Amino acid sequence: MYVDRLMTRHLSTKAASAKVASITAASITAASAKAASTTVPVHPLLAERWSPRGFDQEHELGEQALTALLEAARWAPSAQNSQPWRFLVTRRGEQAHGQLFGALAGGNQAWAGAASALILVAARTAGDDGSAQPWALYDTGQAVAALVTQAQADALSVHQMGGFDTAAVRAGFGLDDTLTPVVILAVGRRDSGADLPEPLAAREAAPRTRQPVGDLLLPVRLEPGLAAA
Ligand SMILES: Cc1cc2nc3c(=O)[nH]c(=O)nc-3n(C[C@H](O)[C@H](O)[C@H](O)COP(=O)(O)O)c2cc1C
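Taking this note's numbering, the leading residue of the sequence shown gets 39, the next gets one more, and so forth.
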């Protein structure tokens, strides 16, 4: 009797472990289907990040989750610590969200409304005295990269969009001339993308591609004018 009970428990534990193993294997496969294929390993946070169009329209971005994203951006490096990035946060259901959504290009409106938040990213490309801030766009991109990586660590996804009407955003939110709207971020929890229309569904399933590292390298040619003294 005791042995029977023990066996039953052992078998159910084994069955449970097998189930956990299969779920884990399935999630790893699911996570890896879009993972970057690299010649040497890179950190999973980078390799497994991608830009989905399928978002869970039930998911809400909590205050703490949002703050973590903004903190990650806040601590990005910038030229002379100028911190030129600015964020206008709107959540699904808010009036401002509707306004930002309305500025998106049609192709982006087809999917981005399901994301929990739309965040306008702007860069302070001119100082108060009108002086140019040559690194502002670069710095702002770095802040977004940090935000995106934090999102990945927190099981959130970000899809950046350059396809929007910058004039409408500038006018609609009263941005002054020192600010340049850069991208709108769709932020939320990824879903299967099963509801996406074609051709978006096909794109969602397609593997991600990149140029080989070798194509990114400039040839090292030493011109006489630059020779070390
Ligand atoms: C500055 C910028 C603008 C982008 N604009 C759009 C856009 O308007 N619509 C869109 O669907 N994706 C947009 N993307 C997403 C890219 O298409 C995507 O990052 C690229 O295809 C690589 O795919 P991955 O992020 O899944 O690796 C943009 C990305 C960046 C960084």
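Positions of the beta carbon are idealized from the N, C-alpha and C atoms, including for glycine. From a predicted model like this one, the values you see are computed outputs, not experimental measurements.
Could you tell me whether any non-hydrogen atom of ligand 1 is closer than 7 Å to the CB of residue i?
i: residue 135; result: no
i: residue 201; result: yes
i: residue 78; result: no
i: residue 97; result: no
i: residue 198; result: yes
i: residue 251; result: no
i: residue 299; result: Because the chain spans 39 through 267 in this model, residue 299 falls outside it and cannot be assessed.
i: residue 127; result: no
i: residue 184; result: no
i: residue 221; result: yes
i: residue 246; result: yes
i: residue 143; result: yes
Enumerate in chain order the residues of its own chain whose CB-to-CB distance from residue i is below 8 Å, with the five nearest sequence positions on each side excluded.
i: residue 213; result: 160, 207 and 219
i: residue 185; result: 107, 108, 110, 111, 196 and 223
Near residue i, what residues of its chain come up, given a Cβ to Cβ distance below 7 Å and the 5 sequence neighbours on each side ignored?
i: residue 99; result: 129, 154, 155, 225 and 226
i: residue 90; result: 195, 197, 228, 231 and 242
i: residue 22; result: Lying before the first or after the last residue shown, residue 22 is absent from the chain, which here runs from 39 to 267.
i: residue 171; result: 120, 122, 162, 163, 164 and 165
With 16 as the cutoff for other CB atoms within 10 Å, does residue i come out buried or exposed?
i: residue 242; result: buried
i: residue 113; result: exposed
i: residue 182; result: buried
What are the residues that DSSP puts in a beta bridge with residue i?
i: residue 220; result: Partner(s): none; residue 220 has no beta bridge.
i: residue 162; result: 217
i: residue 226; result: 195
i: residue 123; result: 161
i: residue 208; result: Its beta-bridge partners do not exist; DSSP assigns none.
Examine ligand 3 and report whether any of its heavy atoms sits within less than 7 Å of the Cβ of residue i.
i: residue 228; result: Of the ligands this structure carries, namely ligand 1, none is ligand 3.
Leaving out five residues on either side along the sequence, give the residues of the same chain with a beta carbon under 6 Å from the beta carbon of residue i.
i: residue 180; result: 114
i: residue 203; result: 141
Verify the CB distance criterion: does residue i have a CB-CB separation below 8 Å to chain C?
i: residue 88; result: The chain labelled as chain C is not found in the depicted structure, where only one protein chain is given.
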